[in-house]
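Here's the structure, in structure tokens; my notes come after.
Number of protein chains: 2
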Amino acid sequence: MAANDRKMQVLQAIVDDYVTTNEPVGSKALIERHKFPVSSATLRNDMAELERMGLIEKPHTSAGRIPSDRGYREYVDSLMKIDELSMAEREEISKRIDECVDEAGDLLKNASSVLSEATGMVSLVMTPRLAGSALLQLKLLMIEPGKALVVMVLSAGVVKDKVVRIPNFLTPEQLKEISDSVEKSLNGKPLDEITLITLATSVKETKIPDTLLNQVLYETYTAIKQADRLDVFLEGEHNMLKLPDFSELRRAQSLLGTLSHDGMVAGYVNEIEREKTGGDDTYMIRIGQEIALEGLEDCSFITTTYKVGDTISGNIGVIGPKRMDYSKVISQIDFVRYKINEKIKKING
Amino acid sequence: MAANDRKMQVLQAIVDDYVTTNEPVGSKALIERHKFPVSSATLRNDMAELERMGLIEKPHTSAGRIPSDRGYREYVDSLMKIDELSMAEREEISKRIDECVDEAGDLLKNASSVLSEATGMVSLVMTPRLAGSALLQLKLLMIEPGKALVVMVLSAGVVKDKVVRIPNFLTPEQLKEISDSVEKSLNGKPLDEITLITLATSVKETKIPDTLLNQVLYETYTAIKQADRLDVFLEGEHNMLKLPDFSELRRAQSLLGTLSHDGMVAGYVNEIEREKTGGDDTYMIRIGQEIALEGLEDCSFITTTYKVGDTISGNIGVIGPKRMDYSKVISQIDFVRYKINEKIKKING
DNA sequence: AATTAGCACTCGAACCCTCTGAGTGCCAAG
DNA sequence: CTTGGCACTCAGAGGGTTCGAGTGCTAATT
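For the record, the sequence lines run as chains A and B.
Numbers 11 to 359, taken from our numbering, label the letters of the first sequence in order.
Numbers 11 to 359, taken from our numbering, label the letters of the second sequence in order.
Printed below as a string of structure tokens:
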């Protein structure tokens, strides 16, 4: 129906305008900017209807309308058209990401800062979820008496390690014996299936006294458990202060307070990742009240997935005001994701 | 002279009052709170004198006085008396730091968050300066064809490593040969004295073709160079928003903007560390304009040194408004430093 | 049924004015 | 050197007014 069509066009126009101007948009301004072939009174009727539908709202009686959370949702789901990044923007991102050459960790950190600068918002990058990846190699390396390095090679070429304490008088030979047994018995096992018991039963027929052996195995266990630890990089928090949306100190405080607990943010992203339905290169978008974190009521979360090998993946995304240019931000995230995937393939060769 | 004494007492009282109330302090309030045995008029004269000396200033004609940068400096250098932390405060810090058991990196991160919570300001922790520490061991460990792990053991038991690419068809035996030669010839050398040339001349009389060898050596070199990279942890930036000193959005923006470039902060701390004159457990205090970083004009920097072994050290400290309780903050930093030193000794056995 | 012109109404933001009181500097006397 | 006294200053709070963008509603038009 034409009228219904127009109502949606009006919603779209309101979102577009509000996103750029940060001011409630009224019927008159709408006409001027968008050349609707109807009068302002008609738009007023449409707007009243949209308000009844819960898609827009008024901050106060004598102001224009702003999109509600549901309005943004509708916009994101059905109205928004994603436009490509300009050549210059792609170039800029490419250049910055290509700067860092070799290390996966650096790559992610770098990507995070590129993303936050490009979007002018807060970027979020999480290290890959390694819990499900297989342990391919495990070496115990004597560093000095009483100290050893546990080196683990996981599927997709990820390497993790940790310095652990071992009994002082353990010889390198004994260490190697333990190391070989453990590696043999754990080979190919996913990290999250390895328990202290798996480990304990992996070494048989040895002359090494139980107490020594157990200490080493326990330390090895902690190293393994620590290998799948998720790190999260948030960057660009200060950008939020520049946005008019957080010019009220209270909001800004509460937002940055929550963001400073990066564990909370990581936990939340993990959670929505688990609920995710689409394929790996879809986006998770959470708007306003949909986000169950204090202080983020006026924010949106956009995240997606990058891949390390076939099965291992991590998340990258952006946190910004819900009044953001969704289409643009999505293109930016998408391109950064693309570059990360490409780069990781190259690093892991 | 008694009058001069009193002037300094007045300065001290002004700083104390201003730090707690955040309001310009006037002659009358001063009398009431500090029981000076003279009249307000006398204090007014003293204050006029202090102003002439450049130690205090007025925000505007009809307000009280606030300390100037030089006033704070005088206070910190001569007037302030450092009081001990209460038992409860020590307990709290101890508990939090003892939580993290084994890893030096975690310890520092943890200390940083303890410090920022305890002080309610921004904490700063820098990883130890390793450039001057000696390379005790260096092992090249084959991970898979084309990929190796460089493990370096430095003096004071610090372990660093990095994954590097190597020629695909290099055998573990060849790698071991290179590794052994390099280790032998570099043993005991400080990191910053190792150059590509030192490395290149360390391997002689080998059957490994030059091109392969050089690639491995180059990669090893990058690993060594990266080992002395300084990381800096800043934490608690959001605390600054709670302080009335940064209730003007502009200030807060500029401050957080600068703090987000942690490289800049690290560079600055390094610089003042180099200019440092006193022993290792003295404090570097920079106040207001003394800090050559944009946006930190209203801040103070307090840093000190923690030790890893005899020669290696790093910095910890706090960034806060120059209107801070210097005495308290110093005690807090001092205690955290003490705990770190203690803990690191335990970790490194 | 949808659109439009017209109109009364609302209410936040901006502006201006006044008043208040803490705090000052200075002077003359103790 | 100290003190009481006094005229002066000025930021900030409070209160009132105006302005105008925007609304909803009604009645007329297509």
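Ideal Cβ placement from N, Cα and C applies to all residues, glycine included.
Quantities reported herein were computed from a predicted structural model and do not represent experimental measurements.
- Against chain A, the CB of H248(B) has a partner CB under 7 Å away; the residue lies at that interface.
- Contact annotation for K149(A) against chain B: L151 [CB-CB distance below 8 Å, chain order].
- The C-beta of Q299(A) has fewer than 16 other C-beta atoms within 10 Å across all chains shown, which makes the residue exposed.
- N178(A) carries a coil assignment under DSSP once its states are collapsed to helix, strand and coil.
- Apart from sequence neighbours up to five positions away, the residues of its chain that approach K17(A) with a beta-carbon distance below 7 Å are D56, E59 and L60, ordered along the chain.
- Between the region 197–205 of chain B and the region 183–201 of chain A, the count of C-beta pairs closer than 8 Å stays below three; the two stretches do not touch.
- Under the DSSP assignment, E245(A) falls in the beta strand (DSSP E) whose first and last residues are V242 to E245.
- For the region 242–267 of chain B, residues whose beta-carbon sits nearer than 8 Å to a beta-carbon of chain A comprise E245, G246, E247, H248, L251, K252, S257, L259, A262, Q263, L266 and G267.
- When 9 Å is used as the limit between beta carbons, V161(B) is near these residues of chain A: L151, I153, L159, V161 and D171, in chain order.
- By DSSP's assignment, V169(B) forms a beta bridge with V163(B).
- Along the region 330–355 of chain B, none of the residues has a CB nearer than 7 Å to a CB of chain A.
- In the DSSP annotation of this structure, the continuous segment of the beta strand (DSSP E) that includes E154(A) starts and ends at L145 to E154.
- One thing to note: G327(A) has its Cβ within 7 Å of the Cβ of T313(A).
- A158(A) sits in a strand when the DSSP states are folded into three classes.
- Judged by DSSP in its simplified three-state form, L253(B) adopts coil rather than helix or strand.
- Contact of S270(B) with chain A by beta-carbon distance below 8 Å involves E245, G246, E247 and H248.
- With fewer than 16 other Cβ atoms inside 10 Å of its own Cβ, P254(A) counts as exposed.
- In this structure, the alpha-carbon of L269(A) lies about 10 Å from that of A276(A).
- Residues N120 of the same chain have their beta carbon placed closer than 8 Å to that of E109(A), with the five preceding and five following residues left out of the count.
- For K170(A), the CB contacts under 6 Å within the same chain, skipping 5 residues up- and downstream, are M162 and A237 in chain order.
- Unbroken alpha helix (DSSP H) runs of no fewer than 4 residues, entirely contained in the region 74–101 of chain A, are found at 79–84, following chain order.
- The alpha-carbon separation between I322(A) and G167(A) amounts to approximately 11 Å.
- A distance below 8 Å between beta-carbons, with the five flanking residues on each side excluded, links K252(B) to the following residues of its chain, in chain order: G130.
- By the Cβ-count criterion, M97(B) is exposed, with fewer than 16 other Cβ atoms from all chains shown falling within 10 Å of its own Cβ.
- Here G289(A) is exposed. Its C-beta has fewer than 16 other C-beta atoms within 10 Å.
- Under the three-state reduction of DSSP output, T321(B) falls in the coil class, being neither helix nor strand.
- Non-local C-beta neighbours of A302(B) in its own chain, meaning closer than 8 Å and more than five positions away in sequence, comprise Y278, ordered along the chain.
- Taking a C-beta distance under 7 Å as the contact criterion, L53(B) and F345(B) do not qualify as a contact pair.
- Listed in chain order, the positions of the region 317–329 of chain A with a beta carbon within less than 7 Å of a beta carbon of chain B would be empty, since no residue qualifies.
- Sixteen is the threshold: when 16 or more other Cβ atoms of the shown chains lie within 10 Å of the Cβ of I234(B), as they do, the residue is buried.
- Residue burial is scored here from C-beta neighbours: E42(A) has fewer than 16 other C-beta atoms within 10 angstroms and is therefore classed as exposed.
- Relative to the Cα of K105(A), the nearest Cα in the group S49(A), A128(A) and P34(A) belongs to A128(A).
- In terms of CA proximity to T221(A), N178(A) leads the group N178(A), A141(A), D190(A) and K349(A).
- When DSSP states are grouped into helix, strand and coil, Y231(B) belongs to the helix group.
- Distances from the CA of V160(A) to each of T232(A), A114(A), L265(A) and F46(A) were compared; the closest alpha carbon is that of T232(A).
- Selection R100(A), D79(A) and K286(A) evaluated against V339(A) yields R100(A) as nearest (Cα-Cα).
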